[in-house]
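Under our numbering, the first residue of the sequence shown carries the number 55, and numbering increases by one thereafter.
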Amino acid sequence: MPFYRAVGAMPRKRHTVFRKPDGGIYAEELMGEEGFSADSSLLYHRYLPTAIVAAEPVAEPAVAADPVPNVPLTPRHFRAHDLAAGGDLVTGRQVLAANGDVRISYAATAAASGLYRNSVGDEVVYLQSGDARFESSYGAIDAVEGDYVVVPTGTIHRWLPRGAVRALVIEASGHIRPPKRYLSSAGQFLEHAPYSERDLRGPSEPLLVDGPESRAETPVLVRTRGGLTRMTFAHHPFDVVGWDGHLYPYAFNIADFEPIVKKTHAPPPVHQTFEGPNFVVCSFCPRVLDFHDDAVPIPYNHHNVDSDEFMYYVGGDYAARKGSGIGIGSISLHPAGFTHGPQPGAVEAALGARETSETAVMIDTFRPLDLGPAALACEDPGYAWTWAR
């Protein structure tokens with residue numbers, strides 16, 4: 055993260071003796087990216103974070119079967135809300151689309167997850183509906199509808215929904231960060247950025263499991279590039295009394311995104327919220343529309359020759375595709391190799407409009423997306439031909 059945070063107790067100097075009340079020494083753990091050359095945080099544990107007593111392989115959930123190519127190449131429409139609820143926010147992820155850089159899944163559940171660590175890359179979990187408590191070694195975050203929760207690689211965490219939740223899960227092969235153009239050379243958000251440090255919510259106090267549970271052997275599901283392993287730790291990993299640094303989980307609500315507008319229609323980069331390895335995440339939010347007297351206030355036909363465009367519609371009314379079957383809970387995939395744009399008649403209908411109520415999360419990838427089993431299970435087979443009606 056681009057700014058420093060300190061939570062809980064720690065010694066004044068790094069890598070110096072920090073004693074427990076009983077005279078023992080807290081165990082340090084440096085969580086760092088890119089081989090000590092990028093963001094990091096230093097955590098202080100009651101017990102050794104290295105102490106494991108067992109490890110066993112775990113089969114991949116059936117809902118995460120391998121995706122297949124988008125062949126024949128067509129635009130696609132998936133109705134995610136038609137997918138059945140099940141599992142939890144980790145094991146219940148139903149794969150919609152993926153490539154070597156990112157995996158995009160849908161989850162609908164009210165069940166608590168077990169402890170989980172993704173050691174392949176960062177995750178962003180977007181809560182489309184419902185609330186959940188996110189607990190990690192760094193502390194807890196109360197996540198609400200509209201929150202993006204960014205989870206750094208290697209963070210041990212669990213999800214505790216408060217009732218039913220629906221979520222879009224973005225799993226990267228590397229790190230997910232705010233776009234570089236929003237940040238100064240020292241990492242501060244610049245004045246032209248559509249959000250700032252004040253909009254980000256990180257853990258504010260340690261989360262300590264006490265009593266017999268703290269000393270009990272505790273399983274953690276770990277994902278690596280080789281698959282899933284269940285590691286059993288000698289003690290519960292929620293034993294961090296304090297930490298500081300620039301690397302930690304945080305939440306950002308889509309309602310805090312400040313849309314950038316122009317006299318005429320602005321392209322998707324003005325909506326960019328995060329960047330990952332070979333993909334970006336954009337937030338389309340309610341906003342004032344273009345204010346040139348002759349502006350066409352919806353997207354023009356476009357063909358982004360380097361990208362697949364994956365868009366999840368989560369609120370309001372997306373006027374550009376009205377009449378195509380797109381609604382709340384819809385996902386459109388407009389692949390490279392296809393020119394897409396507004397529904398026939400939408401340009402004429404939009405003239406004179408002054409604002410939009412749409413809310414959507416878009417992921418643009420720079421390599422083609424394959425189709426997951428969940429997407430194929432909820433596809434609208436007539437979508438590709440809606441421009442010809």
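We put the CB at the ideal spot given by N, CA and C, even for glycine.
(message) In this structure, how does DSSP classify G281 when only helix, strand and coil are distinguished?
(response) For the purposes of this step, residue 281 is taken as residue 227 along the sequence shown, with counting starting at 1. In this structure, G281 counts as strand in the three-state DSSP scheme.
(request) Please report the residue range of the alpha helix (DSSP H) in which A403 lies. (result) Numbered from its first residue, the sequence shown carries residue 403 at position 349. That run of the alpha helix (DSSP H) goes A400 to A404.
(request) Locate the beta strand (DSSP E) running through L96, then write down its first and last residues. (result) Position 42 of the sequence shown, counting from 1, holds the residue named residue 96. Counting along the chain, the beta strand (DSSP E) containing L96 begins and ends at S94 to H99.
(message) Helix, strand or coil for Y202? Go by DSSP, reduced to three states.
(response) Here the question's residue 202 lines up with position 148 in the sequence shown. Y202 falls in the strand class under three-state DSSP.
(request) Counting only the same chain and skipping the five closest in sequence on each side, list residues whose C-beta sits under 6 angstroms from that of G330. (result) Along the sequence shown, one-based indexing puts residue 330 at 276. The answer, listed in chain order, is A226 and I230.
(message) If you reduce the DSSP assignment to three classes, tell me which class T209 lands in.
(response) On the sequence shown, position 155 is the one that residue 209 refers to. Residue state, collapsed to three classes: coil.
(request) Please go through the same chain and pick out, in chain order, the residues whose beta-carbon is closer than 7 angstroms to the beta-carbon of R269, but skip the five residues on each side of it. (result) Mapped onto the sequence shown, residue 269 falls at position 215. The answer, listed in chain order, is H289.
(message) For the beta strand (DSSP E) containing L84, name the first residue and the last one.
(response) Taking the first residue of the sequence shown as 1, we reach residue 84 at position 30. A81 to G86 is the extent of the beta strand (DSSP E) around L84.
(message) Is it buried or exposed, V107, if we count other Cβ atoms within 10 angstroms and call 16 or more buried?
(response) For the purposes of this step, residue 107 is taken as the residue at position 53 of the sequence shown. Label assigned to V107: exposed.
(request) Going by DSSP, name the residue or residues bridged to E245. (result) Here residue 245 corresponds to residue number 191 of the sequence shown, with the count starting at 1. In DSSP, E245 forms no bridge with anything.
(request) Look at A161 and G184 and say whether their C-beta atoms are less than 8 angstroms apart. (result) Mapped onto the sequence shown, residue 161 falls at position 107. Mapped onto the sequence shown, residue 184 falls at position 130. Not in contact: A161 and G184 (Cβ atoms no closer than 8 angstroms).
(request) Please specify which runs of the beta strand (DSSP E), each continuous and at least 3 residues long, are wholly inside the region 358-426, giving them in chain order. (result) 362-369, 384-388 and 413-419
(message) So, at 6 angstroms on beta carbons, what are the nonlocal neighbours of A165 in its own chain, with the 5 sequence-adjacent residues on each side left out?
(response) For the purposes of this step, residue 165 is taken as the residue at position 111 of the sequence shown. If we look at A165 and ignore the five residues flanking it on each side, its Cβ neighbours are D142.
(message) Mapping the DSSP letters down to three states, classify V178 as helix, strand or coil.
(response) Within the sequence shown, residue 178 is the residue found at index 124, counting from 1. Here V178 sits in strand by DSSP.
(request) Let me know if F345 comes out buried or exposed under the rule of 16 or more other beta-carbons within 10 Å of its beta-carbon. (result) Position 291 of the sequence shown holds residue 345. Exposed.
(request) Return the bridge partner residues of C336 from the DSSP annotation. (result) Locating residue 336 in the sequence shown gives position 282, where the first residue counts as 1. According to DSSP, C336 bridges with Q326 and M416.
(request) Please classify Y58: does DSSP put it in a helix, a strand, or coil? (result) Numbered from 1 along the sequence shown, position 4 holds the residue referred to as residue 58. Of the three classes helix, strand and coil, the one that applies to Y58 here is coil, per DSSP.
(request) Buried or exposed for S239, please, with buried defined as at least 16 other CB atoms from any protein chain shown within 10 angstroms of its CB. (result) Numbered from 1 along the sequence shown, position 185 holds the residue referred to as residue 239. Exposed is the call here.
(message) Give me, in chain order, the residues of the same chain whose beta-carbon lies closer than 8 angstroms to that of C339; leave out the 5 immediate sequence neighbours on both sides.
(response) On the sequence shown, position 285 is the one that residue 339 refers to. So the list reads I308, A309, F311, P313, H325, E412 and T413, once near-sequence residues are dropped.
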